[in-house]
Structures are given as structure tokens and as C-alpha cells.
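So the structure is just underneath, and the comments pick up after that.
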Amino acid sequence: MANFDFDIGVIGGGSAGLTVTSGAAQLGAKTLLIEKEEKLGGDCLHFGCVPSKTLIKTAHVYHMMKIAKDFGLPQVDLPPVDFRQVTHRIKSVIDVIQQHDSEERFCSLGAKVEFGDPEFTDEHTIRLNGKTYSAKYWVIATGSSPATPPIKGLDETPYITNREIFYLDRLPKSMIILGGGPIGTEMGQAFSRLGTSVQIIDRADQILGKEDKDMADGVMAVMRLEGVGFHLNASIEAIKDLGSKKEVTINDEEGKTLKLRAETILVSMGRSPNTANLGLEKIGVTFDRRGITVDKRLRTGQKHIYAAGDVNGGFQFTHAAGYEGGIVISNAIFRIPRKTDYTFLPWCTYSDPELASIGMNEKASKKAGINYSVWTEAFKNNDRSLAEGEKVGKIKMILDQKEKPIGVQILGPRAGDLINEWVAVLNGKVKLSTLASAVHPYPTIGEINKKVAGAYFSPKIFSDRIKKGLKFFFHLKGRACGPETCEE
Ligand SMILES: Cc1cc2nc3c(=O)[nH]c(=O)nc-3n(C[C@H](O)[C@H](O)[C@H](O)COP(=O)(O)OP(=O)(O)OC[C@H]3O[C@@H](n4cnc5c(N)ncnc54)[C@H](O)[C@@H]3O)c2cc1C
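Quick note on the numbering used here: the sequence shown kicks off at 1 and runs consecutively.
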């Protein structure tokens, strides 16, 4: 039997790689982790989830200060935002979380951490900083980078991506965002709230293209009211550096050519997998522009080499990367064949209102040819939402032809937290009647989950048939008020 230096080698110290490393090391596998940056943590910690959610909160507080009058408070005259202070806060939050993702912590769990740019020399061995390391299993968890499409003039014009946006030394006066996906939407609203004049360009007829249009339009309507400009159904023709301003030429939805100008351009047009310089071509690990090709057990063409997280081109979320890390542990360490199942993988865009989703939405149901029904409840009918001044949004529950829930979308306050109850209901196959009859504390925004389940049962419970039965058995006298009084 071949004698390898390590039981398992992991390339990439982000969400997927750290999950595998921590699990494998704690289970007693001799584990090597290789990261090319100076610190562990990956995009999520340094350029993604953590800085973006920290920024969103700061922008939210500033926004609330501006609308204090709506809450019966005095109007305040606010000084402009000093973005260096915002960056300072972002870095301080990252620093705290970094301790959890430190080299020392992983060493204490039993894993060896090395920094540098590894390259496979054969299918079990990599070369790193002049040394070679072999492992029985390898996991490629190198994540993704911002995609930069071939737009005329983009290469010659300074622009920012998620790698720079949280570390600017001042707040841009104006910003054009290329792409209305989750990153463009979240950043667009946050910067607009902080005082930047924002315009978002997208080629589709809606932002947040994966979501149902009515839900995405709900986010866009709020952002529009706050002053964000949108150019949908627009194609980007060219980009030009004018010095202090940048110019983006678009063909708008009416076919007109528009020249938009702003101080800063944010490119948020999707992600490219980090597959370069790993020597994958030499060892038979195949990939395309979306990512490394894997089977349902996340194995590449080489069955002992796995690819987990953004780099395999699947769901690009931290929780998906963590889940996939667990799948690799099952297969490579426990040797229990386990396949991925994304049926009820939830996600959320942290705009205000938030838009969270799990399972099938209307778009996906139509595409799959499912005969579905939709049940909704509006946040304007939720007492706690009203108390908190949150009147926008709704929950949408999708049932299949057998009236089984197959998906839920929530547009509204704390939607990302509210979806968690559905994570349990859908994964645990909890009956809708259980959810509808379970007591939820009053007044909570979460009551909306119970209410939408109840909405499905209401017409059945309060049907004429039931009323007739009760009247027959118990001699109920019928309506005491209203146009049909005493008619029954
Ligand atoms: C602005 C923004 C906001 C986001 N917000 C959210 C959110 O709110 N919720 C959510 O779930 N997801 C969010 N995401 C997505 C999330 O960050 C990613 O899905 C997640 O980080 C993927 O984890 P990963 O382990 O695949 O990659 P990463 O976390 O990026 O880790 C990959 C690691 O591999 C390293 N690496 C790359 N190449 C090499 C190499 N050749 N050799 C060695 N190491 C290498 C990288 O330096 C990095 O440390 C956001 C992303 C962005 C950009």
C-alpha cells in the first residue's frame, strides 16, 4: 500500500476547506491545509459575507437615523459618512472572527497549515514552496473570484469588486453597479443609504434573477424609493475612463443609447472558479468556466480528489460550502458514500427587506412542469411588523399537486431568520397542520409562518360543509350580524 505523507490534503482555507480540515483533523486523520493568502478564512470572512453584513448594518443604522421622524422621534441633521470609520468597524468584526479561523486554532485541532501556491505534480502529490507533499485524498476548495466579462474598455478603466469595496478610503459620491445579483443589490442599497448616488445595470427584466419576479420587484421598489436608479433589460456597450469619472454606455430597454457617469464602477457580474495554476490539467481533473466537474459525492475525475465550495460551480454560499465539506468528510474519512441533496438548501439576499428562499419558487415549479398552488400572507397584517414600521413584503408558500409544501419565499423583515423554521419543516417533513397548530409567541414576526400554513387550512375548516355539519349535530343558530343574518 502506498505510503503518503498525509491522509488528507486540503487546498483553500475558506468555508469549505476549513470545514473539511477541522472535521478530518478532529477525527484523527493526518491533515494538511494549504492557503495562498496570508490569513485563513477565505472570501466569506475577508471580502464576502462578514464585511458585507457588517456594512449593511452600519448603513441600516444611518438610514434609521435619517428616518427617525417616522418613529415619533426628532428629525436629526446628520453629518456625512466617514467611510474610514466604516472600514474600521468592518476590520474589527473580521479580527474577532479571524481568531476562530486562525492557524493556531487549526494546529491545535491537529492540522498542519502551510501558506503558498501549490501545484499538483501527480494525482497524489503537490509541490509547495520547493517541497513536495503527498496525500491519500485531496480536496480542492479554492473558491471563486469576481468574473470580469469582456466589455469594451473595462480593462483600461479602474473599477472595484468585492475585494476592494469594503476597504475604500472614502465614500464614493456616485457608483454604477454592473449586475443586479445579490452582491450588486446588497451593496447598491448599502452605499445608497450611506450617501452614494447608485445606479444598477442588469441585462434581465428584474434584479436577483433566480428569484420570482414579484419578490425581486418588491426589493427593487423599496430601493427605488430610497433613490437607487435601475437600468433593466440593458446591455453594456462600452466603458471609458474619463479621469475623475467613469462612463458606461448602455443600450436601454427601449433601444436608446445612454451614457451613464459615476466616480466608481462596481463589477458584480457573477463569479469565476479559482482553478488556475493548480496543475489540474496534468492530473485529469476536468473543469469548465463554471467550475470543477464533480459527481454527487463531490468526486472529480480522480475519485480520491474532491472539489467542494464555490470552485465546483454549484450553490455559491458559505452554508453550501460547509455542507459540501461535510459530504467530503463522510466519503473520504468515514468512507460512507454520501451524495449531495440541495432540494431544501435555503439562501437569503440581505437587502432591506430581506428576500429568503427555500425549495421551489414559481419560476422553478413552472420550469419543472409542476402543477402548483401559491399561498401568501402579507407583513402588513402582522402586528409586530406594524409596530416596527415594516409594512412591505409577503411570504409565499408553494404546494404541489398533492398539496405538499415544496418551497417558501419570504420578502420582509428578518426573512433570513424566518426561513429557518421552514428549513426544519421541509427537511423534517413536518406536516403543515403541525405548523399551523403550533403556538408561536405573540407578537413576533415569525407568526407569519404559522399564518400562511393556517391560510391553507382556513377555507377547509370554515367551509359550508363543516358549518352544515355543526348546525345539524349541535343546532348552531348561524350568523348574528351582517347581510345574511338569520338566513342560515
Ligand atoms: C460580497 C459577497 C457577499 C457574500 N455574502 C454571502 C452571504 O451573506 N451568505 C452566504 O452564504 N454566502 C455569501 N457569499 C458567498 C460566500 O462568500 C462563498 O460562497 C463562500 O466563501 C465559498 O466558500 P469556499 O470555501 O468555496 O471559498 P472561499 O471562502 O473563497 O475560500 C477559498 C480559499 O481558497 C484560497 N485559494 C484560492 N486559490 C488557491 C490556491 N491556488 N492555492 C491555495 N489556496 C487558494 C483562497 O485564498 C481562499 O482562502 C458572499 C460572497 C461575496 C463575494
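Each residue gets a CB set at the ideal place from its N, CA and C atoms; glycine is no exception.
Within the same chain, 86 and 89 come within 7 angstroms of residue 58 by CB-CB distance, once the 5 residues on both sides are set aside. By the criterion of a C-beta distance shorter than 8 angstroms, residue 84 is surrounded in its chain by 169 and 170, once the five residues flanking it on both sides are discounted. Counting C-beta atoms within 10 angstroms of its own C-beta, residue 158 has fewer than 16 neighbours from the protein chains shown and is therefore classed as exposed. The beta carbon of residue 332 sits closer than 7 angstroms to the beta carbons of 8, 137 and 306 from its chain, once the five residues preceding and following it are set aside; these are given in chain order. Per DSSP, residue 181 lies in no alpha helix (DSSP H) segment and is marked neither H nor E. The beta-bridge partner set that DSSP reports for residue 348 consists of 356.
Only residues of its own chain outside the window of five on either side were considered, and among them 394, 395, 396, 397, 452 and 455 have a CB closer than 8 angstroms to the CB of residue 376, listed in chain order. Excluding residues up to 5 positions away in sequence, 109 and 110 lie with their Cβ nearer than 8 angstroms to the Cβ of residue 26 in the same chain.
For the options 310, 431, 442 and 419, the alpha carbon positioned closest to that of residue 139 is the one of 310.
Given a length threshold of 3 residues, each whole run of the beta strand (DSSP E) inside the segment 155 to 224 is given here in chain order: 174 to 178 and 197 to 201. Shortest gap from the CB of residue 29 to any heavy atom of ligand 1: 7 angstroms or more. Cα atoms of residue 228 and residue 189: separation of roughly 7 angstroms, rounded to the nearest angstrom. Put simply, the backbone Cα of residue 23 is about 16 angstroms away from that of residue 104. With respect to residue 161, residue 349 sits apart: the two C-beta atoms are not nearer than 8 angstroms. Per DSSP, residue 246 is not a residue of any alpha helix (DSSP H); the beta strand (DSSP E) it occupies stretches across 246 to 251. Residue state for residue 23 is assigned as helix, using DSSP reduced to three classes. Annotation for residue 5: 133, 134 and 135 place their beta carbon closer than 7 angstroms to its own, counting only its chain and skipping 5 residues before and after. It is roughly 29 angstroms from the alpha-carbon of residue 230 to the alpha-carbon of residue 45. Placement of the Cβ of residue 449 at a distance of 7 angstroms or more from every heavy atom of ligand 1 is found. Residue 102 holds the alpha-carbon nearest to the alpha-carbon of residue 113 among 102, 417, 121 and 465. Shown here for residue 30: same chain residues with a beta carbon closer than 6 angstroms to its own, the five before and five after excluded, namely 6 and 7 in chain order.
Taking the C-beta atoms as reference points, residue 351 is found no nearer than 8 angstroms to residue 267. Between the beta-carbon of residue 271 and that of residue 145 there is about 7 angstroms, and that keeps the pair under the 8 angstroms contact cut. No heavy atom of ligand 1 is found nearer than 7 angstroms to the CB of residue 9. Secondary structure remark: continuous beta strand (DSSP E) runs of at least 3 residues inside the segment 42 to 82: none found. Distance from the CA of residue 54 to the CA of residue 61, rounded to the nearest whole angstrom, comes to 11 angstroms. Judged by DSSP secondary structure, residue 407 falls within the beta strand (DSSP E) whose first and last residues are 405 to 412. Comparing C-alpha distances from residue 292 to each of 275, 180 and 151 shows the shortest one belongs to 275. Per DSSP, reduced to three states, the secondary structure at residue 119 is strand.
The nearest non-hydrogen atom of ligand 1 is 7 angstroms or more from the C-beta of residue 400.
Contact annotation: residue 443 and residue 384 have beta-carbon atoms nearer than 8 angstroms. Within the DSSP bridge table, the entry for residue 146 names 271 as partners.
If you check the C-beta of residue 101 against ligand 1, you find no heavy atom less than 7 angstroms away. Runs of the beta strand (DSSP E) lying entirely within the segment 271 to 326 and spanning at least 3 residues, in chain order: 271 to 273 and 305 to 307.
In this structure, residue 159 has its CB at a distance of at least 7 angstroms from all heavy atoms of ligand 1.
For residue 105, there is no enclosing beta strand (DSSP E); the residue is found in the alpha helix (DSSP H) stretching over 103 to 109.
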